[in-house]
Structure formats: C-alpha cells, structure tokens
Amino acid sequence: QKLSHIMLMQALPAVVEADYASFSQAIYQLQQATGGYFSPAQGGLFNSKSVAKVLHFLYQNQVFCAGQSSWGPTGFAVFESETSASNMLLVLQSEFKHLNNISFEIVCAKNHGTHIQTYN
117 QKLSHIMLMQ ALPAVVEADY ASFSQAIYQL QQATGGYFSP AQGGLFNSKS
167 VAKVLHFLYQ NQVFCAGQSS WGPTGFAVFE SETSASNMLL VLQSEFKHLN
217 NISFEIVCAK NHGTHIQTYN
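The C-terminal residue of the sequence shown carries number 236 in our numbering, and the numbering is unbroken.
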C-alpha cells in the first residue's frame, strides 16, 4: 500500500508535471522501502557492495533519483539534464576508478512503447 501510494500519488504526478525534485524524492522513498524490505536477503539496502558505495556517494551529493534495479547488481541514477549526467559521470569515473567491477554509462529513455512487426 505504501509503495502504491508513492507511485500513484507522488512519482507519476511528478512525471506529468515534469517535477524532477518530487520525482527524485519518490524514487528515493521507493528505494529505501524496497531495499529495507529485502536487506536481510541481500545483506543491506543494495545487493552489490560496489553499487552500494556509488549510490551512497550519489545520495551524499544530493542525487536522490538513484537506486538498484530489481535485485541488482545494476544501479541507476536519473538526472534532470544530459549536462548534469555528463558532469556526474566524470566525477563518478574519477571517484570510483579503483573499482574494476563497475562501469558507468549514460543512456536515455526510449519514450515510446514497443513496435511489433509481423512477418508473412
């Protein structure tokens, strides 16, 4: 019920209103609740210790729209602009260059549904 409320009453309206700050807080709340629930099974809020280090670094740097994808080990962060993503990419690459099991990529949303092709 709590997660549904966050999604329906906070995250989705924030997307419609293009309110990055509110969307970020909703994603942060979802990550904390979900990570807390699964922490006994995964050994903490996040499954990967390396991803956890990166995510905690992001949170300390006011990037709250970040978390773990499902059971991980993939982490993600959503930024308000490509410029802010690019700037943080440089910081992360420098800060975590000692972690050889981590890579960083900038990707963008597809922003449309699937396309189904039929073949005769």
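Using N, Cα and C, we set each Cβ at its ideal position, and we do this for glycine too.
Which runs of the alpha helix (DSSP H) at least 4 residues long sit entirely within the segment 134-168? Give them in chain order.
136-158
Leaving aside the five residues before and after Gln-147 along the sequence, list all residues of the same chain whose C-beta is less than 6 Å from its C-beta, in chain order.
As a first step, residue 147 is located in the sequence shown; it is residue number 31 there, counting from the start. Around Gln-147: Gly-183.
May I have the straight-line CA-CA distance separating Ala-130 from Phe-139, to the nearest angstrom?
In the sequence shown, counting from the first residue as 1, residue 130 sits at position 14. In the sequence shown, counting from the first residue as 1, residue 139 sits at position 23. Approximately 5 Å, taken between the alpha carbons.
Assign Phe-173 to one of three DSSP states: helix, strand, or coil.
For this step, residue 173 is matched to residue 57 along the sequence shown. DSSP places Phe-173 in helix when its eight states are reduced to three.
I need the DSSP call for Gly-130, collapsed to helix, strand or coil.
As a first step, residue 130 must be located in the sequence shown, where it is residue number 14. The sequence as given places Ala at residue 130; Gly does not occur at that position. In this structure, Ala-130 counts as helix in the three-state DSSP scheme.
Classify Cys-181: buried if its beta carbon has 16 or more other beta carbons within 10 angstroms, exposed otherwise.
Within the sequence shown, numbered from 1, the residue matching residue 181 stands at position 65. With 16 or more other Cβ atoms within 10 Å, it is buried.
DSSP three-state call for Gln-225: helix, strand or coil?
Mapped onto the sequence shown, residue 225 falls at position 109. Going by the sequence as given, residue 225 is Ala instead of Gln. Coil.
Keeping to the same chain, check which residues put their C-beta closer than 8 Å to that of Leu-119; ignore five residues upstream and five downstream.
As a first step, residue 119 is located in the sequence shown; it is residue number 3 there, counting from the start. Apart from the 5 residues on each side of it in sequence, Leu-119 sits with its Cβ closer than 8 Å to the Cβ of Leu-146, Ala-149 and Thr-150 in its chain, given in chain order.
Please state whether DSSP places Gln-178 in a helix, a strand or coil.
Your numbering for residue 178 matches position 62 in the sequence shown. Of the three classes helix, strand and coil, the one that applies to Gln-178 here is coil, per DSSP.
Is Gln-184 helix, strand or coil by DSSP?
The residue given as residue 184 occupies position 68 in the sequence shown. Gln-184 falls in the strand class under three-state DSSP.
Quick check on this structure: which residue in Asn-227, Tyr-136 and Ala-168 has the alpha carbon closest to the alpha carbon of Val-190?
For the purposes of this step, residue 190 is taken as the residue at position 74 of the sequence shown. The question names Val, yet the displayed sequence has Thr at residue 190. Ranking Asn-227, Tyr-136 and Ala-168 by Cα distance to Thr-190 puts Ala-168 first.
May I have the straight-line CA-CA distance separating Asn-177 from His-228, to the nearest angstrom?
Position 61 of the sequence shown, counting from 1, holds the residue named residue 177. Position 112 of the sequence shown, counting from 1, holds the residue named residue 228. In a straight line, the C-alpha of Asn-177 is about 31 Å away from that of His-228.
So what does Ala-193 bridge to, in DSSP terms?
Residue mapping note: residue 193 aligns to position 77 of the sequence shown, counting from 1. Per DSSP, Ala-182.
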